[in-house]
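K.L.:
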Amino acid sequence: MDADRFTFRVGNGWLRDVASEPTPNDPWPCIRWDERLLADQIRFLDVQAELGIEYNLAWGYFVDRSWPVPLEKVIDAERAEMLEAFVTAAHERGVKVLSGTGIYSWGFDEVIAKVPEVAKGHARAMCPFSETAWDWQRRVLDFLMDPKWGLDGISMQSADQGRCECEKCRQFSPVQHHANIIVRCAEYVRAGRPDWTIGQASWGLRIDEPSEFEHVQRISEAVDYMIEVRERSAETDPPRRPEMVGGLKCAFGSVSGIFLEPPQHWERLRWFVPCGLGAAGALNRLWEDGGRACELHYRPFANPVEEVSWRTAAGILSSPRTPLTVALREAVEAVYGVTDAAAEELADWFARGENAYFSRAQFKVGHGSFSLEPLVWRENPAVPGPPVYLRDRMSAEARREYARELDGLKMELAAMEIPNQDAVDKTVKAMEGTLRDIAELG
Ligand SMILES: [Zn+2]
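All residue numbers for the sequence shown refer to this note's numbering, where the first residue is -3 and numbers rise by one.
1) So does residue 271 have its beta carbon nearer than 6 Å to some heavy atom of ligand 1?
2) How about residue 254 and residue 361: do their beta carbons lie closer than 7 Å?
3) By alpha-carbon positions, which one of 298, 258, 282 and 306 ends up nearest to residue 272?
4) Roughly how many angstroms lie between the CA atoms of residue 326 and residue 158, to the nearest whole one?
5) Report the three-state DSSP secondary structure of residue 80 (helix, strand or coil).
6) Given that a residue counts as buried once 16 or more other Cβ atoms are within 10 Å of its Cβ, and exposed if not, what is residue -3?
7) If we count Cβ pairs, one from each stretch, closer than 8 Å, do we get three or more for the segment 254 to 269 versus the segment 284 to 302?
8) Run through the DSSP bridge pairs and tell me what residue 193 is partnered with.
9) Between the Cα of residue 186 and the Cα atoms of 209, 110 and 220, which residue gives the shortest distance?
10) Closer than 6 Å: is that where the CB of residue 92 sits relative to any heavy atom of ligand 1?
11) Considering only the alpha carbon of each residue, which of 378, 152 and 39 lies closest to residue 89?
12) Out of 308, 294, 423 and 11, which one is the CA nearest neighbour of residue 278?
13) Any heavy atom of ligand 1 closer than 6 Å to the Cβ of residue 181?
14) In this structure, what does DSSP give as the bridge partners for residue 221?
15) Would the beta-carbon of residue 359 be found less than 6 Å away from any heavy atom of ligand 1?
16) Measuring only the C-alpha atoms, how far is residue 423 from residue 318?
17) Applying the criterion that 16 or more other CB atoms from any shown protein chain within 10 Å of the CB defines a buried residue, is residue 379 buried or exposed?
18) Output the distance between the C-alpha atoms of residue 381 and residue 370, rounded to the nearest integer angstrom.
19) Do you know offhand how far residue 258's Cα is from residue 82's?
20) Using a Cβ-based criterion (distance less than 6 Å to any ligand heavy atom), does residue 104 qualify as near ligand 2?
21) For the beta strand (DSSP E) that residue 6 lies in, which residues bound it at each end?
22) According to DSSP, is residue 293 part of a helix, a strand, or is it coil?
23) Go ahead and pull the three-state DSSP assignment for residue 161.
Written out as structure tokens, the structure is:
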């Protein structure tokens, strides 16, 4: 069965990336967990199960940026209940639960501040040559491996906040350095939980260079799947990716070519950016190159356009040879309740909606994440950020043309006969959100 679909089909993101309610006044990443979020998560799990997306990977079950020092009372009873309810709901649907896990970085800010010997001058990354750092890393892994949480594995990240640059660490190339700590942690977890799935994603790390390949291979011997975030190995001429995949011991994958970082601070109907075909096409090419893993980023389904994009990409993970337009049509059928000719018409409308933006915007599929507002807005991290996807990726002239095309698409949508009128109303609101942002930018 698995020979015909991606082996590691993973829905992933920060805890609130599926939330129907934004948190406009919290610095990113906000991990508040309430009943409403749990309901959003369960709705997401339903769609995952329907489409055969076997894993759910979240960052932020326990902490945002910092494990507490000492490592006690990490979560209260209420949060533990939320986690239990979520894990139970996932397992009832046949979905396995993975925890995003920082390796020597992400989650150690407080440890570094209070136990200075773990780091050598870096504010967010511990030094692998410190035994105390390894103690802390191990404590975190032990904490996660505790069977009481019911987790089924982890996906590791070590590189997106940089790395220790002390004299000893500098002897190693970046890939060598990260391979050392990833392999060490993966082997430790494998010994403690042989039943677990272990993934790894190379945010902040370039892994396509032939001179570094032996270290990438070492990682592949220790993990079940590895994710190349920016698809550089597919961009060389000829593409190096098929050869890389052939030389690895684990499944190789991507983040689906394009995904929108759900904007934490924005109302859920502020944007209309369909991108399911772009993602589905990237996954199709990944499959042809031998890739068998994907961390497919969460979307807030309160915006029906986001649900269409997610479903389109997920459809390819479960059935990689599905024509892209068929995957899109199946997605609009599910979200809008259309069938037959009406489904064809709406799928075509979505394809033109996607092209309306991406034919004018500076973004190349395969280049990682796509921000609507800045992920972390430096000027004030606790207020909604500006619409950078319109401001920075398009000229004023292109925005005006884009707005004219959106106006036309909006009228076409209103004229279609679509059973799920609520989804149509929300789609119109989302388009008006984008049009309003364009008008304000001028
Ligand atoms: Zn160091």
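Backbone N, C-alpha and C define an ideal beta-carbon position, used for all residues, glycine too. Only a predicted model underlies this, so the values are computations on that prediction, with no experimental measurement involved.
P.N.:
Judging by the given coordinates:
1) As a working note, residue 271 is residue 275 in the sequence shown. No, ligand 1 has no heavy atom inside 6 Å of this Cβ.
2) The residue given as residue 254 occupies position 258 in the sequence shown. The residue given as residue 361 occupies position 365 in the sequence shown. Yes, they are a contact pair.
3) Taking the sequence shown and counting its residues from 1, one reaches residue 272 at position 276. Ranking the options by Cα distance to residue 272, first place goes to 306.
4) For the purposes of this step, residue 326 is taken as the residue at position 330 of the sequence shown. For the purposes of this step, residue 158 is taken as the residue at position 162 of the sequence shown. In a straight line, the C-alpha of residue 326 is about 41 Å away from that of residue 158.
5) On the sequence shown, position 84 is the one that residue 80 refers to. DSSP places residue 80 in helix when its eight states are reduced to three.
6) Here residue -3 refers to the residue found at position 1 when the sequence shown is read from its first residue. For residue -3, the predicted structure reports a pLDDT of 45, less than 50, and the residue's modelled location is therefore unreliable. A value from the coordinates is still provided. Classification for residue -3: exposed.
7) yes
8) To locate residue 193, count along the sequence shown from 1; it is residue 197. Beta-bridge pairing links residue 193 to 149.
9) As a first step, residue 186 is located in the sequence shown; it is residue number 190 there, counting from the start. Of the candidates 209, 110 and 220, the one whose C-alpha sits nearest the C-alpha of residue 186 is 220.
10) Sequence index remark: in the sequence shown, residue 92 carries index 96 (1-based). No, the beta carbon of residue 92 sits no closer than 6 Å to any heavy atom of ligand 1.
11) Taking the sequence shown and counting its residues from 1, one reaches residue 89 at position 93. Checked all of 378, 152 and 39; the closest Cα to residue 89 is 39.
12) In the sequence shown, the residue the question calls residue 278 occupies position 282. With distances taken between Cα atoms, residue 278 lies closest to 308.
13) On the sequence shown, position 185 is the one that residue 181 refers to. False, no ligand heavy atom lies under 6 Å from that Cβ.
14) Reading the sequence shown from its first residue, position 225 is the one you call residue 221. Paired residue(s): 195 and 247.
15) As a first step, residue 359 must be located in the sequence shown, where it is residue number 363. It does not: the Cβ of residue 359 is nowhere closer than 6 Å to a heavy atom of ligand 1.
16) Translated into the one-based positions of the sequence shown, residue 423 becomes position 427. Translated into the one-based positions of the sequence shown, residue 318 becomes position 322. Near 26 Å, if we compare the C-alpha coordinates of residue 318 and residue 423.
17) Reading the sequence shown from its first residue, position 383 is the one you call residue 379. Exposed: under 16 other Cβ atoms inside 10 Å.
18) Here residue 381 is taken as the residue at index 385 of the sequence shown, counted from 1. Here residue 370 is taken as the residue at index 374 of the sequence shown, counted from 1. Cα atoms of residue 381 and residue 370: separation of roughly 6 Å, rounded to the nearest angstrom.
19) Working through the sequence shown from its first residue, we reach residue 258 at position 262. Working through the sequence shown from its first residue, we reach residue 82 at position 86. Taking the straight line from one Cα to the other gives about 20 Å.
20) As for ligand 2, it is missing from this structure, which binds only ligand 1.
21) The residue labelled residue 6 in the question sits at position 10 within the sequence shown. Element bounds for residue 6: 4 to 10.
22) Position 297 of the sequence shown, counted from the first residue, corresponds to residue 293. Residue 293 falls in the strand class under three-state DSSP.
23) If you number the sequence shown from 1, residue 161 lands on position 165. Coil at residue 161, not helix or strand.
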